[in-house]
Amino acid sequence: MINQAIQQQINKGQMLPLMEEFYTIQGEGFHTGKAAYFIRIGGCDVGCHWCDVKESWNANLHPPTNTDTIIENAKKFANTVVVTGGEPLMWSLDYITTKLQALNLKTHIETSGAYPLSGKWNWICLSPKKIKLPLDGIYNEAHELKVIISNKHDFKFAEEQAAKVNANCELYLQPEWSKREQMTPLIVEFVMKNPHWKISLQTHKYLNIP
């Protein structure tokens, strides 16, 4: 049971349910290949059946961590910090991003967009899910739209989502890992017919890095 003082700090973003933090190479999307410090926050109720970090879903498994401590760890490494989850927008991210940017660190987020946008961001990767759609406000803010393709209907969903983002948003299709052999050829064919899209691969899994 979280006491009132800790809950108040969580509400202000001064504590977060940290699942893990690590320095690695960004494996997906527009910034593939870039060194980045990842902050994975616990808690998610979107519930993708193919999620590869289901252990992040229950925020209660990840004790509240002092956000200043997280920031101190992050600044020792790359100049880019990626906040991910779980679904990081379940928590207030104004505090952590303001502090990170004050240290001249670039702030990136990967989100389903299912919760209100908080925080100051240099890059917003919106990865929408059918089972809990993004809120309308995030579409115009997204720098990157990344849609996971696990079946043929997902191409239609991808185009529906692409119609909602701003004209400068980068568009990516990424095969769901367990179905990559079936879906990658279909994605290749689709992108060649629709060159406003690009292909994203989970290169960190091919390279066997976190």
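In my numbering, the protein residues as written are 427 to 636.
Where a beta carbon is used, it is the ideal one built from N, C-alpha and C, also for glycine.
In or out: Phe464 buried (at least 16 other Cβ within 10 Å) or exposed? buried
Per DSSP, what kind of secondary structure is Trp547 in: helix, strand or coil? Residue state, collapsed to three classes: coil.
Can you check which of these residues, Pro490, Ile635, Asn594 and Gln608, is closest to Ile467 by C-alpha distance? Pro490
Would you kindly check if the distance between the Cβ of Thr523 and the Cβ of Trp547 is under 8 angstroms? Yes, the Cβ-Cβ distance between Trp547 and Thr523 is below 8 angstroms.
CB contact check: Ile575 to chain C, cutoff 8 angstroms: In summary, chain C is missing from the structure at hand, where a single protein chain is found.
Could you tell me the distance, in whole angstroms, from the CA atom of Phe581 to the CA atom of Gly563? 23 angstroms
Under 8 angstroms between C-beta atoms of Ile613 and Ile574: no
Reducing DSSP to helix, strand and coil, say where Gln430 ends up. Looking at Gln430 - three-state DSSP - the assignment turns out to be helix.
Can you give the Cα-Cα distance for Cys470 and His622, rounded to whole angstroms? 31 angstroms
Lys502 classed as buried or exposed, judged by whether at least 16 other C-beta atoms fall within 10 angstroms: exposed
Within its chain, find whatever has a CB closer than 6 angstroms to the CB of Glu570; leave out the 5 residues flanking it on each side and keep chain order. Gly455, Phe456, Cys551 and Glu596
Which residue spans inside the region 520 to 579 form an unbroken beta strand (DSSP E) run of at least 3? 532 to 537, 549 to 552 and 570 to 575
Given a threshold of 16 other Cβ atoms within 10 Å of its Cβ, counted over all protein chains shown, does Ser604 qualify as buried or as exposed? exposed
Is it true that the region 524 to 533 meets the region 491 to 500, where meeting means three or more beta-carbon pairs spaced less than 8 angstroms apart? yes
Exposed or buried, which one is Lys572 when buried takes at least 16 other CB atoms within 10 Å? buried
Tell me whether the beta-carbon of Thr493 lies closer than 8 angstroms to the beta-carbon of Leu442. Contact flag set, yes.
Identify which residue in Asn620, Tyr632 and Pro554 has its Cα closest to the Cα of Gly378. The structure shown does not extend to residue 378, since the chain is modelled only from 427 through 636, so no value can be given for it.
Which word fits Ile635, buried or exposed, when buried means at least 16 other C-beta atoms lie within 10 angstroms of its C-beta? exposed
Just list the residues that DSSP pairs Asn492 with in beta bridges. Met441
Do the CB positions of Met445 and His488 come within less than 8 angstroms of each other? yes
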